[in-house]
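Below is one structure, written out as structure tokens; comments come after it.
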Amino acid sequence: MSDTGGKSVPEEPDAPTPSQGIPRHEPSGFIQPAKSEQPADVTPEQPADAAPEQPSGGFVPPSAPEQPSGGFVPPSAPEQPAGGFVPPSAPAPQPGYAPAPGLPLPPQWNPQGYGKPGVVPLRPLNLGEILDGAITIIRRYPGQVLGVSAIIAVISAVLNFGTAFLLADNLVEIEQLGPAATDQQRADQAWRILGPTIGSLAIVLLITVLMHAILQGYLTTIAGKAVLGRPVSVKEAVSEVGPRIPQLVVVGLLYGLMCFVGLLLCVVGVVVPGTFFALASAALILERSTIMESLRRSGRLVSKAFGRVLGFLIVAYLISWVLSFIIQLPFDLGAGGTLGRLFGVSAPHVPTTGDLIIQAAGSVVVDTLIAPFSALVIVLIYVDLRMRQEGMDIDLARAAGTAPQNPPAPPQQW
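Start counting the sequence shown at 156; every next residue gets the next number (the working numbering).
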């Protein structure tokens with residue numbers, strides 16, 4: 156608007172500039188607020204003398220006949236109009252700007268997760284998803300999981316067979332004393348074989364712990380690839396876990412020692428170290444940390460969700476125990492072992508070489524099928540805790556290619 160001798164010339168209004176925040180051409184239905192020093196825009200449907208009565212908010216009162224049925228909602232209604240028009244106070248979001256309060260989130264913001272590129276969705280997991288993920292890894296990578304697990308199971312079974320064979324020979328020596336032997340003679344014979352028996356059992360237990368620690372690290376590598384949906388061969392997994400085998404062995408020994416000490420102190424005492432440090436092997440492999448740092452890392456993650464982790468581990472171990480019992484039962488019945496005596500199928504006797512072979516075959520089957528399940532559950536619990544506590548799902552989504560390299564931050568409320 157220009158002044159000529161102090162008089163306003165309404166027929167030549169100044170065109171608003173973009174710096175005033177008003178577009179040059181407004182779509183139908185928009186009416187801009189009136190200013191005190193400038194007459195309001197005149198539209199064919201609205202006379203000029205009605206401009207001073209225009210509300211300051213820019214909205215047309217409901218009684219205005221020119222207002223379409225899908226127009227603006229009066230200022231008292233905070234909801235967005237049904238006709239699709241955006242009030243001047245809440246302009247449509249432009250590229251690069253956060254939307255106004257109450258508007259839907261941009262499509263690239265995904266609070267529900269980043270899809271399921273691998274065996275589990277990239278978001279916090281529940282118990283069913285963790286158990287299903289462990290089974291899916293076994294089904295998707297059968298050769299990589301069951302093949303290596305079978306090798307370790309055979310090694311453990313051979314060691315157990317040798318120990319049981321020596322123990323059976325010692326029991327035969329006691330039986331050969333005959334009914335004429337005195338109690339003192341039987342006690343002396345028992346004490347004579349007690350030391351070698353305990354020593355052989357300790358060696359077998361130590362080697363078994365070491366083998367399972369190596370298996371845990373190997374399966375952790377497989378699970379890390381499976382979460383991202385990537386293929387992995389036995390050679391690749393072994394090459395990744397190979398340099399970390401000494402650390403895995405030490406972590407496994409420390410974990411077993413802490414559980415043993417807790418068991419000596421109290422039966423329930425084994426639960427605390429067994430839960431707090433259950434994720435140490437996963438942290439050692441996936442984070443490339445040191446031995447002590449992996450133990451501390453496991454403790455920090457579990458400390459924020461101790462009950463959750465304990466519950467998941469109990470369920471996983473119960474499932475493993477039930478499946479092991481079902482699989483081992485026919486082998487033990489055939490060999491006349493402990494389960495055979497429990498069900499009255501066989502009488503107590505010194506096991507023969509054939510009985511020991513049957514029991515060893517059963518242990519190979521059990522360890523091949525069940526040991527990977529519990530180990531993979533532990534890895535997925537570790538992944539779940541990191542996604543819950545540290546937002547690792549974003550990093551996993553980037554690595555899997557299901558999220559942008561720089562995901563947007565949550566929209567700000569102005």
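Glycine is no exception: its CB is placed at the ideal position from the N, C-alpha and C atoms. None of the values given here were measured: they were computed from a predicted structure.
Expected contact under 8 Å - CB spacing of residue i and residue j to nearest Å
| i | j | result |
| --- | --- | --- |
| valine 396 | glycine 372 | 5 Å |
| leucine 439 | leucine 403 | 7 Å |
| leucine 531 | leucine 282 | Not confirmed; about 14 Å, so no contact. |
| valine 406 | glycine 417 | No, valine 406 and glycine 417 are not in contact; Cβ-Cβ is about 17 Å, not under 8 Å. |
| valine 274 | arginine 295 | 7 Å |
| glycine 384 | alanine 554 | Between alanine 554 and glycine 384 the Cβ distance is about 10 Å, and since that is not below 8 Å, they are no contact. |
| serine 311 | aspartate 522 | 6 Å |
| leucine 441 | glycine 379 | 6 Å |
| glutamine 299 | serine 436 | In fact, because the Cβ distance is near 18 Å, the residues do not count as touching under 8 Å. |
| leucine 511 | alanine 319 | 5 Å |
| leucine 465 | leucine 540 | No, leucine 465 and leucine 540 are not in contact; Cβ-Cβ is about 13 Å, not under 8 Å. |
Assigned secondary structure, residue i (DSSP; H/G/I helix, E/B strand, else coil)
| i | result |
| --- | --- |
| glycine 556 | coil |
| proline 276 | coil |
| tyrosine 296 | coil |
| asparagine 265 | Model confidence at asparagine 265 stands at a pLDDT of 47, short of 50, so the residue's coordinates are unreliable and nothing is read from them. |
| alanine 357 | helix |
| proline 506 | coil |
| isoleucine 549 | helix |
| glycine 283 | helix |
| glycine 517 | helix |
| glycine 270 | coil |
| alanine 460 | coil |
| valine 470 | helix |
| isoleucine 482 | helix |
Residue environment, residue i, which counts as buried when at least 16 other CB atoms sit within 10 Å
| i | result |
| --- | --- |
| aspartate 343 | exposed |
| leucine 277 | buried |
| serine 458 | exposed |
| valine 500 | Below a pLDDT of 50, predicted positions are generally treated as unreliable, and valine 500, at 48, falls in that range; the measurement from the model is reported next regardless. Exposed: under 16 other Cβ atoms inside 10 Å. |
| valine 538 | buried |
| aspartate 487 | buried |
| isoleucine 469 | exposed |
| glycine 517 | buried |
| arginine 341 | exposed |
| alanine 357 | exposed |
| glutamine 514 | buried |
| leucine 473 | exposed |
| glycine 509 | exposed |
| valine 327 | exposed |
| valine 337 | Looking at the sequence provided, one finds threonine at residue 337 rather than valine. Exposed, since its Cβ has fewer than 16 Cβ neighbours within 10 Å. |
| threonine 445 | exposed |
| proline 272 | buried |
| methionine 447 | exposed |
| glycine 350 | exposed |
C-beta contact flag for residue i and residue j at 7 Å
| i | j | result |
| --- | --- | --- |
| isoleucine 293 | proline 527 | yes |
| serine 453 | isoleucine 525 | no |
| leucine 535 | isoleucine 285 | yes |
| isoleucine 482 | valine 520 | yes |
| serine 529 | alanine 471 | yes |
| valine 359 | asparagine 315 | yes |
| threonine 507 | tyrosine 269 | no |
| alanine 381 | isoleucine 533 | no |
| proline 279 | methionine 542 | yes |
| isoleucine 369 | isoleucine 400 | yes |
| isoleucine 348 | asparagine 325 | yes |
| cysteine 414 | proline 398 | no |
Cβ of residue i within 7 Å of any chain C Cβ
| i | result |
| --- | --- |
| glutamate 442 | Looking for chain C here will not work: only one protein chain is present. |
Within the segment 299-352, note down every full alpha helix (DSSP H) run reaching 4 residues or more, in order along the chain. 303-330
Where in the segment 364-449 do unbroken runs of the alpha helix (DSSP H), each at least 4 residues long, occur, reported from the N-terminal end onward? 389-396, 400-420, 426-431, 435-441
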